[in-house]
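Working notes for the structure below.
Protein chains: 2
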Amino acid sequence: MSLALTTDLYQLTMADAYLKAGVQNKHAVFDLFVRTLPKGWSYLIACGIDEALECLENFKFLPEDIDFLRKNGLSHDLCDYLMNFRFTGDVRAVDEGTPVFQNEPLLEVTGNLIEAQIVETLLLSIINYQTLVCSKASRIVEAARPATIVDFGLRRAPGPEAGVRAARAAFIAGAIATSNVEAGRRFGIPISGTHAHSFVMAFPTELEAFRAWCKAYPEGTTLLIDTYDIAQGARNACQVVREGAALKAVRIDSGDFVTNTRQVRAILNDAGLEHVRILVSGDMNENKIDALKKAEAPIDGYGVGTDMVTARPESALGGVYKLVQVDSLPRIKTSSGKATWPGAKQVWRYPDDNVDVICAYKEDAPRELLCEQGERLVLHHKVATPLLGSAMVVGRRVYIAKSVLQVAEYCKEDLSYLPAYLKDIECNTPPYRVEVSAEIRHQRNVAEAQRRLK
Amino acid sequence: MSLALTTDLYQLTMADAYLKAGVQNKHAVFDLFVRTLPKGWSYLIACGIDEALECLENFKFLPEDIDFLRKNGLSHDLCDYLMNFRFTGDVRAVDEGTPVFQNEPLLEVTGNLIEAQIVETLLLSIINYQTLVCSKASRIVEAARPATIVDFGLRRAPGPEAGVRAARAAFIAGAIATSNVEAGRRFGIPISGTHAHSFVMAFPTELEAFRAWCKAYPEGTTLLIDTYDIAQGARNACQVVREGAALKAVRIDSGDFVTNTRQVRAILNDAGLEHVRILVSGDMNENKIDALKKAEAPIDGYGVGTDMVTARPESALGGVYKLVQVDSLPRIKTSSGKATWPGAKQVWRYPDDNVDVICAYKEDAPRELLCEQGERLVLHHKVATPLLGSAMVVGRRVYIAKSVLQVAEYCKEDLSYLPAYLKDIECNTPPYRVEVSAEIRHQRNVAEAQRRLK
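Protein chains in written order, with our numbering: chain A, 524 to 977; chain B, 524 to 977.
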């Protein structure tokens with residue numbers, strides 16, 4: 524995998540044209556942001572920032588990459604330029620685990636036109652997916668509370684590496700563990716797992732399989748009880764406990780979960796196994812979990828796979844990376860439905876007012892705000908916090924990377940400052956308020972007027 | 524990335540329990556298949572097989588992997604067992620690029636219980652995603668014909684590596700190129716790309732940007748004409764041609780594509796630029812393309828990203844990996860909605876009958892078939908072809924890997940044998956017929972009876 528070639532060809536053809544036009548040393552600012560939240564979502568959780576910045580730090584073209592580009596028609600000048608190319612720009616970014624909203628930059632890159640442009644695709648492909656999954660997982664975790672979530676997604680993830688990144692994103696959002704062993708090794712996420720249906724099928728009878736399993740895990744374990752008949756599976760689980768097994772939980776992976784979990788709870792309770800937890804898996808998502816909670820199905824935890832790691836049905840985050848300034852001039856795009864706000868920015872969050880204000884970079888937190896609709900907001904500016912901090916200076920990271928556990932704790936804390944109703948998957952109106960400062964609106968008018976003059 | 528740890532923990536806890544129960548040397552057969560096609564889809568294209576088999580060949584636990592497992596409670600016996608573990612099983616598989624249907628094995632693994640079980644998650648995470656994207660891309664390619672498809676998906680793909688795999692899958696399905704440079708380098712897929720809106724915004728005016736661009740690419744190029752006003756963009760494109768530029772195409776990335784492409788076509792034609800192609804991009808999928816084709820929008824090619832590389836709204840393929848035989852005994856699962864067919868299999872395709880028959884491994888292509896519903900089918904068995912071929916023997920691949928171009932050609936040819944209406948995204952009834960042989964149904968009854976006896 525070549526990091527530098529993990530890009531759209533047009534980033535390189537543009538670099539070539541910038542060189543030929545002699546504008547490669549213009550000073551550019553790009554914002555990475557999401558225009559609109561997926562339908563029904565109330566917030567996003569920023570994720571993938573650390574990997575993205577690590578990639579920028581290690582971004583370089585290998586000799587074989589240059590050869591490939593030469594053979595594909597890129598100019599000698601560009602190939603020479605890329606030979607010793609390193610990303611030497613500055614980056615300001617939100618911390619991983621921060622809740623963010625529409626139009627708020629997650630990342631702002633400042634550098635020369637080529638270096639700031641050429642990294643677009645790589646940044647987007649990392650941050651779009653991880654922020655998507657982290658945000659989806661947060662919805663699932665919040666819907667399930669107090670029941671717990673374990674990531675089961677690897678087999679349905681978009682490939683092995685995506686599965687590992689998804690496990691990390693889910694843990695940041697509050698999942699308590701993952702079945703993904705590589706994610707455990709790489710990030711220190713707790714791993715968990717029991718057995719599959721095939722284990723039961725590998726033995727002559729379910730009871731024999733349960734005996735073999737519990738003998739292998741005498742300190743306590745979970746049994747999957749729905750390979751054949753769920754009620755019989757529950758009775759077989761009780762039987763192995765009578766024979767001395769230490770059973771902590773049973774898992775059910777199919778059928779009608781309301782009926783099945785109630786029946787299994789009753790069978791376990793009748794056998795004096797009130798302490799044995801009931802876990803459920805099988806195409807779970809926040810809506811199904813919410814419905815099971817409302818139906819008071821006796822479920823203590825969920826294994827969630829496909830819908831969490833693919834964020835189905837949303838399935839993609841439309842994060843974009845847009846040029847907002849060239850040299851000292853604000854830039855805007857005016858395409859239908861794709862207009863942009865100009866200039867380098869800061870986002871101020873006002874926890875006492877439940878509002879974020881997207882400001883120009885140099886602005887202090889506004890004390891009051893005349894909104895576009897004419898309303899005047901007086902703000903508790905003394906407790907406002909800036910979301911974007913310096914993350915990279917001249918191509919080197921300038922922060923101490925947190926452990927995934929620290930990021931998860933930070934995420935939990937930061938989410939607690941948001942209005943509680945935003946975490947309700949059904950009742951997410953009114954949306955969290957995001958305003959744009961008068962200064963940014965002014966810059967937009969300036970950029971618009973400049974463009975019209977030409 | 525540790526290949527061997529890219530798994531669900533339960534594969535390892537099961538291996539541990541198999542060892543402890545002394546059943547690790549039982550002979551197991553697992554099938555990898557998809558139970559039902561995504562809603563509205565008429566076929567799948569098998570993809571990811573080659574990477575999956577390469578992973579099996581290289582599957583091993585590194586010393587640090589073993590250390591990690593030891594610290595996470597796996598037994599000393601298992602850790603010793605895994606120290607020199609290699610996959611030594613046999614695999615039969617369909618060729619990449621083969622159209623496949625519900626319940627047909629894409630892959631069949633035979634080996635001892637541990638080696639055949641332990642690779643499940645890795646196989647699924649590779650084949651599920653690539654088959655999903657390849658199948659989705661095939662729908663998009665077929666909807667667009669004769670207009671062409673280029674993959675633009677990297678920035679919205681589920682991470683960089685998924686983007687590279689998606690580009691390959693799309694090319695196999697008939698996309699003519701990708702914007703993804705790494706996919707071009709790794710697989711020899713043609714790469715293509717023009718410039719972004721940011722290039723236009725980096726210059727004082729659109730016209731100056733177009734001039735700089737066409738000067739950099741004097742042999743012919745594409746201009747993106749919708750940064751500000753599309754009609755003016757088209758006129759600016761005509762202007763640079765009058766100044767000597769070699770324009771091959773214009774691209775439009777926003778707005779109402781029917782109106783915009785007609786307007787742009789008229790402006791280009793008025794300037795005598797009938798040969799300049801119109802390309803369109805921006806949240807495209809097979810349904811939007813089909814509608815544009817029906818509206819006779821003058822579009823020559825599409826850049827397709829998000830919906831192709833995420834296969835939104837389906838977004839995941841429910842491929843499963845199921846134990847079907849232990850030693851010489853057929854095995855089945857009877858969970859609600861998740862029942863399986865027992866035993867090692869072959870799938871026979873009858874091109875003259877438009878039917879596939881899932882048979883037992885040793886069966887010849889049936890000459891006739893008594894279907895489950897009672898209907899008797901007489902089949903043109905002489906031209907029937909088996910879909911599963913030997914791919915791996917004792918852990919080594921035994922086929923010569925095709926280039927991605929060869930796989931794409933194979934896919935195109937194989938698709939041409941299917942009824943043409945299956946490629947129509949709207950009219951996919953009746954579904955392609957997949958039958959199960961009498962022998963397999965008999966084995967299922969045997970397995971069911973055996974299980975009941977116990």
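All C-beta atoms, glycine included, are put in the ideal place defined by N, C-alpha and C.
Enclosing alpha helix (DSSP H) for residue i [first to last residue]
i        : result
A/Lys935 : Val927 to Ser939
A/Cys737 : Glu729 to Ala739
A/Ala692 : Pro683 to Ile695
A/Leu655 : Glu643 to Ala667
A/Tyr533 : Leu532 to Ala544
A/Ser913 : From DSSP, A/Ser913 is part of no alpha helix (DSSP H) but of the beta strand (DSSP E) over Gly912 to Val916.
B/Lys816 : Glu809 to Lys817
B/His599 : His599 to Met606
B/Arg967 : Ala961 to Leu976
B/Thr611 : Where B/Thr611 is concerned, there is no enclosing alpha helix (DSSP H), given that its DSSP letter is neither H nor E.
Check whether residue i and residue j have beta carbons under 8 Å apart
i         : j        : result
A/Leu815  : A/Val781 : yes
A/Asn783  : A/Ile775 : yes
B/Thr750  : B/Lys771 : no
B/Ala907  : B/Arg872 : yes
B/Glu1004 : A/Met524 : What is shown of chain B runs 524 to 977, which leaves residue 1004 of chain B out entirely.
B/Ser565  : B/Tyr955 : yes
A/Val617  : A/Leu928 : no
A/Glu631  : A/Asp554 : yes
B/Cys570  : B/Ala692 : yes
A/Glu627  : A/Asp879 : yes
A/Tyr652  : B/Pro836 : no
A/Ile712  : A/Ala735 : no
A/Gly654  : B/Ser838 : As written in the sequence, residue 654 of chain A is Thr, which differs from the Gly given in the question. In this structure, B/Ser838 does not lie closer than 8 Å to A/Thr654 by Cβ.
Residue range of the beta strand (DSSP E) that includes residue i
i        : result
B/Ile775 : Leu770 to Ile775
B/Thr745 : Thr744 to Leu747
A/Ile672 : Thr671 to Asp674
A/Cys882 : Val878 to Ala883
B/Ile801 : Arg800 to Ser804
B/His903 : Segment: none, B/His903 is in no beta strand (DSSP E) and carries neither H nor E.
B/Asp823 : Counting along the chain, B/Asp823 falls outside any beta strand (DSSP E), and DSSP gives it neither H nor E.
B/Asn581 : Neither: B/Asn581 is in no beta strand (DSSP E) and is coded neither H nor E.
B/Gln762 : Not the beta strand (DSSP E): B/Gln762 falls in the alpha helix (DSSP H), residues Ile753 to Arg765.
Residue closest to residue i, alpha-carbon to alpha-carbon, out of the options
i        : options                                   : result
A/Ala739 : B/Asp618, B/Glu936, B/Arg964 and B/Gly545 : B/Gly545
A/Arg800 : A/Asp539, A/Val787 and A/Asp876           : A/Val787
A/Arg854 : A/Arg835, A/Asn877, A/Gly756 and A/Arg975 : A/Arg975
B/Lys946 : B/Glu766, B/Asn810, B/Asp793 and B/Phe553 : B/Asn810
A/Ala883 : A/Gly563, A/Gly860, A/Val847 and A/His599 : A/Val847
B/Asn968 : B/Val878, B/Leu902, B/Tyr940 and B/Pro865 : B/Pro865
B/Leu852 : A/Leu528, A/Arg678, A/Glu958 and A/Ala725 : A/Ala725
A/Val870 : A/Ile695, A/Ile881, A/Asp876 and A/Val957 : A/Ile881
B/Phe722 : A/Lys856, A/Pro586 and A/Ile923           : A/Lys856
A/Leu645 : A/Tyr844, A/Arg558 and A/Asn635           : A/Tyr844
B/Ala660 : B/Glu895, B/Val687, B/Gly697 and B/Leu636 : B/Gly697
Residue i: CB within 7 Å of a non-hydrogen atom of the ligand MN
i        : result
B/Arg691 : For the ligand MN, the structure offers nothing, since it holds no ligand at all.
Within-8 Å CB hit, residue i to chain C
i        : result
B/Asp573 : Of the protein chains in this structure, namely A and B, none is chain C.
Under 7 Å, CB to CB, which of the residues in the segment 624-657 of chain B have a partner in chain A?
Listed by position, the residues of the segment 624-657 of chain B near chain A (Cβ gap below 7 Å) are Leu636, Gln640, Thr644, Leu645, Leu647, Ser648, Ile649, Asn651 and Tyr652.
Counting only Cβ-Cβ distances shorter than 8 Å, please list the residues of the segment 718-739 of chain B near chain A, keeping chain order.
Those would be His718, Ala719, His720, Ser721, Phe722, Met724, Ala725, Phe726, Pro727, Thr728, Ala735, Trp736, Lys738 and Ala739, in chain order.
For the segment 848-870 of chain A, list every residue whose C-beta sits within 7 Å of some C-beta in chain B, in sequence order.
Correct list: Val849, Arg854, Lys856, Thr857, Ser858, Ser859, Gly860 and Lys861.
Under 9 Å (Cβ pairs) to chain B, residues found in the segment 575-593 of chain A
Within the segment 575-593 of chain A, those residues whose Cβ lies closer than 9 Å to any Cβ of chain B are, in chain order, Cys578, Glu587, Asp588, Phe591 and Leu592.
For the segment 664-682 of chain B, which residues have a CB atom closer than 8 Å to at least one CB atom of chain A, in sequence order?
Along the segment 664-682 of chain B, going in chain order, the ones with a CB nearer than 8 Å to a CB of chain A are Phe675, Leu677, Arg678, Arg679, Ala680, Pro681 and Gly682.
Members of the segment 525-538 of chain B that neighbour chain A once the beta carbon cut-off is set at 9 Å
If the cut-off is 9 Å between Cβ atoms, the segment 525-538 of chain B has Ser525, Leu526, Ala527, Leu528, Thr529, Thr530, Asp531, Leu532, Tyr533, Gln534, Leu535, Thr536 and Met537 near chain A.
If the cut-off is 8 Å on Cβ atoms, which residues from the segment 544-560 of chain A count as contacting chain B, listed in chain order?
Listed in sequence order: Ala544, Val546, Lys549, Ala551 and Phe553.
Which residues, taken in chain order from the segment 820-831 of chain B, show a beta carbon closer than 7 Å to some beta carbon of chain A?
For the segment 820-831 of chain B, the set of positions with a beta-carbon nearer than 7 Å to some beta-carbon of chain A reads Thr829 in chain order.
Are there three or more Cβ pairs, one per stretch, closer than 8 Å when the segment 606-623 of chain A is compared with the segment 937-945 of chain A?
Between the segment 606-623 of chain A and the segment 937-945 of chain A, the count of C-beta pairs closer than 8 Å reaches three or more; the two stretches touch.
Of the residues that make up the segment 891-905 of chain A, which ones have a beta carbon closer than 8 Å to any beta carbon in chain B?
Legend: CB atoms of the segment 891-905 of chain A lying less than 8 Å from CB atoms of chain B are not found in any residue.
Chain B contacts made by the segment 750-766 of chain A, where a contact means CB separation under 9 Å
Answer in chain order: Thr750, Tyr751, Asp752 and Ile753.
Could you run through the segment 955-969 of chain B and flag, in chain order, every residue whose CB is less than 9 Å away from some CB of chain A?
Residues: none.
Check whether the segment 685-705 of chain B and the segment 661-673 of chain A are in contact - that is, three or more C-beta pairs closer than 8 Å.
Two segments are said to touch when three or more pairs of C-beta atoms, one from each, lie closer than 8 Å; by this definition the segment 685-705 of chain B does not touch the segment 661-673 of chain A.
Inspect the CB distances between the segment 883-898 of chain B and the segment 957-964 of chain B and report whether three or more fall short of 8 Å.
Contact holds between the segment 883-898 of chain B and the segment 957-964 of chain B, because three or more Cβ pairs, one in each stretch, are under 8 Å apart.
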